[in-house]
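Have a look at the structure below, then the notes.
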Amino acid sequence: MKVIDKIREAESEGRPYWSFEYFPPKTAQGVQNLYDRMERMYRLGPEYIDVTWGAGGTTSDITSEIVSTAQSVYGLETMMHLTCTNMPREKVDEALKNAKACGCQNILALRGDPPKGQTEWEACEGGFTYAVDLVKYIREQYGDYFGIAVAGHPEGHIEVTDREQELIHLKEKIEAGADMIITQLFFDVDMFIDYVKRCRAVGIKCPIIPGIFPIQSYNGLKRVISFNNNHVPDEIWAALEPIKDDDAAVKEYGIQLAVDFVKKMRAAGVNGFHFYTFNLERSTRLTLERLGFVPSLEAVKPLPWNPSLHKKRA
Ligand code: FAD
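Residue numbers (the numbering used here): -14 to 299.
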């Protein structure tokens, strides 16, 4: 099924919905661990899950394999990320063919960053220069078979100098056939709400799903923001500074911050939330539990063994 159809249904009912992003692990054991985690997180009721695509097609085989297993074995509605630069065009064709063969109907169409070790991204032969070219290609080749999501950058894409022009390019991706936007992670909800308003002002009407990243560790946060040049407000740094060496305290802070972000966005009329899980389960689960979106695992735990009760029943 197309994710956009599920989202339209949730939006028409005004109910909250969420999705989980995973990346392909490097080892066979890591992949098995991911499957176990996906199976457990299935119970958290994601509307869909998505699997990233290594820049330049570096994870093409394993991404396709995970997409196929998640979709056809675990029955999860799955979205495959697909980039269109720094790799031969045959990889695009093969990935789309494999996705269709396993029943996956959802693609997140991306330009891609330079692969590890390269500083520049390169257009792909066959006319793939920007994500919009991939959106057009998928529509040309597959008609309406795939639902297509594209990336949005609330703080501005790292290469952008003209923020208004960027929105025009975003709109071009929708006009070319994309159905929805999933955003880069961010740490300033007001800025996201303003971004949605600016998108609406240029005529972008589709769902815009915010990327939620529960902070897992101080160094992890620093690494993540270095990729996208994210702005982290001073009050977040100030709260993290005294606990930065205490991983458990940082995780707890990250969960509470994610809860506060989602509550603030809900109050502003946002229903859908995309979790950057980084293949971790606990923080996403606790965020959803504290929001009351899913029952608490503690609440459904079996009661501790009580021998006297057992005797009475016997
Ligand atoms: P585009 O939409 O092509 O935009 C790239 C830049 O070009 C922007 O600055 C845009 O304004 C500009 N531009 C667009 N069209 C034109 C035009 N016609 N003329 C001039 N300029 C133009 N990367 C991966 O490698 N693998 C992943 O799995 C992955 N998943 C992601 C998931 C999400 C939700 C997001 C937000 C990003 C993801 N990325 C991933 C990162 C993404 O590949 C990079 O951010 C990349 O630099 C831009 O991709 P894009 O699809 O936004 O590009």
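Don't be surprised by glycine CBs; every beta carbon is placed ideally from N, CA and C.
Return the CA-CA distance between residue i and residue j, expressed in angstroms with no decimal places.
i, j, result
"Ile193", "Phe131", "18 Å"
"His295", "Leu19", "Confidence at His295 is low in this model, with a pLDDT of 48, below 50, so its placement is unreliable and the value that follows should be read with caution. About 38 Å."
"Met23", "Glu79", "25 Å"
"Pro31", "Trp3", "5 Å"
"Val247", "Glu151", "26 Å"
"Gly97", "Gly(-1)", "33 Å"
"Met250", "Asn213", "22 Å"
"Lys297", "Ser268", "Confidence in Lys297 is poor, its pLDDT being 45 and thus under 50, which makes the residue's placement too unreliable to answer from."
"Val(-12)", "Lys85", "14 Å"
"Cys89", "Val52", "7 Å"
"Val255", "Gly137", "16 Å"
"Asn204", "Lys182", "33 Å"
"Met165", "Met65", "14 Å"
"Glu(-4)", "Ile92", "20 Å"
"Lys76", "Ser281", "42 Å"
"Lys229", "Val235", "6 Å"
"Ala299", "Met26", "In this predicted model, Ala299 has a pLDDT of only 38, less than 50, meaning its place in the structure is not dependable enough to derive any value."
"Glu160", "Ile167", "16 Å"
"Val16", "Lys(-9)", "27 Å"
"Thr54", "Gln14", "15 Å"
"Leu206", "Val58", "33 Å"
"Phe113", "Pro73", "10 Å"
"Leu242", "Glu220", "11 Å"
"Val135", "Asp21", "28 Å"
"Lys303", "Ser49", "Examination of residue 303 is not possible in this model, given that the chain is present from -14 through 299 alone."
"Ile133", "Met(-14)", "12 Å"
"Asp147", "Glu237", "37 Å"
"Gly128", "His142", "29 Å"
"Asp305", "Leu265", "No information on residue 305 is available, as it lies outside the stretch -14 to 299 that the chain covers here."
"Glu(-6)", "Ile210", "34 Å"
"Thr37", "Gly277", "28 Å"
"Cys87", "Gln56", "7 Å"
"Glu283", "Tyr122", "48 Å"
"Phe5", "Glu144", "27 Å"
Assuming the contact rule is C-beta atoms closer than 8 Å, residue i and residue j should be a hit. Round their C-beta distance to whole Å, please.
i, j, result
"Phe171", "Asn215", "6 Å"
"Thr63", "Asp35", "7 Å"
"Pro366", "Gln169", "Only positions -14 to 299 of the chain appear in the structure, and residue 366 is not among them; the question remains open."
"Gln126", "Leu95", "About 17 Å; that fails the 8 Å criterion."
"Cys191", "Leu155", "Contact doesn't hold; Cβ gap of about 10 Å is too wide."
"Val244", "Leu29", "So it is not a contact: roughly 15 Å between Cβ atoms."
"Lys158", "Val187", "No, Lys158 and Val187 are not in contact; Cβ-Cβ is about 12 Å, not under 8 Å."
"Leu119", "Leu61", "That belief does not hold up - the Cβ atoms of Leu119 and Leu61 are roughly 23 Å apart, past 8 Å."
"Gly162", "Arg124", "4 Å"
"Gly239", "Gln201", "6 Å"
"Pro1", "Ala40", "With 8 Å as the limit, Pro1 and Ala40 do not qualify as a contact, their Cβ atoms being about 32 Å apart."
In the DSSP assignment, find the beta strand (DSSP E) that holds residue i and state where it starts and stops.
i, result
"Glu6", "Tyr2 to Tyr7"
"Tyr127", "Where Tyr127 is concerned, there is no enclosing beta strand (DSSP E), although the alpha helix (DSSP H) it sits in stretches over Ala116 to Tyr127."
"Gln169", "Met165 to Leu170"
"Ala134", "Gly132 to Gly137"
"Asn91", "Asn91 to Leu95"
"Tyr33", "Tyr33 to Val36"
"Met65", "Thr63 to Thr68"
Following a CB-centred definition, is residue i positioned closer than 8 Å to any heavy atom of the ligand FAD?
i, result
"Thr68", "yes"
"Asn303", "Here the chain has residues from -14 to 299 only, and residue 303 is not among them."
"Trp38", "yes"
"Gln56", "no"
"Leu271", "no"
"Leu95", "yes"
"Thr262", "no"
"Gly196", "yes"
"Lys121", "no"
"Val187", "no"
"His216", "no"
"Glu144", "yes"
"Gly162", "no"
"Tyr7", "no"
Starting from residue i, trace the alpha helix (DSSP H) in both directions and tell me its first and last residue.
i, result
"Gly326", "The shown model of the chain, from -14 to 299, leaves out residue 326, and the question about it has no answer."
"Leu282", "Run containing Leu282: none; DSSP gives neither H nor E here."
"Ala234", "Asp232 to Ala252"
"Phe260", "First-last for Phe260: Gly257 to Tyr261, but that is the beta strand (DSSP E), not the alpha helix (DSSP H)."
"Leu152", "Arg148 to Glu160"
"Leu206", "Tyr203 to Asn213"
"Ile197", "Per DSSP, Ile197 belongs to no alpha helix (DSSP H); it is in the beta strand (DSSP E), Ile193 to Ile197."
"Gln103", "First-last for Gln103: undefined, no H or E at that position."
* Asked: Does the region 173 to 191 come close enough to the region 222 to 230 that 3 or more CB-CB pairs lie under 8 Å?
  -> Between the region 222 to 230 and the region 173 to 191, the count of C-beta pairs closer than 8 Å stays below three; the two stretches do not touch.
* Would you call the region 193 to 208 and the region 268 to 277 in contact, with 3 or more CB pairs under 8 Å? -> A contact exists between the region 193 to 208 and the region 268 to 277.
* To do: Could you say if the region 42 to 62 and the region -8 to 12 meet the contact criterion of at least three C-beta pairs nearer than 8 Å?
  => Verdict: yes, contact present.
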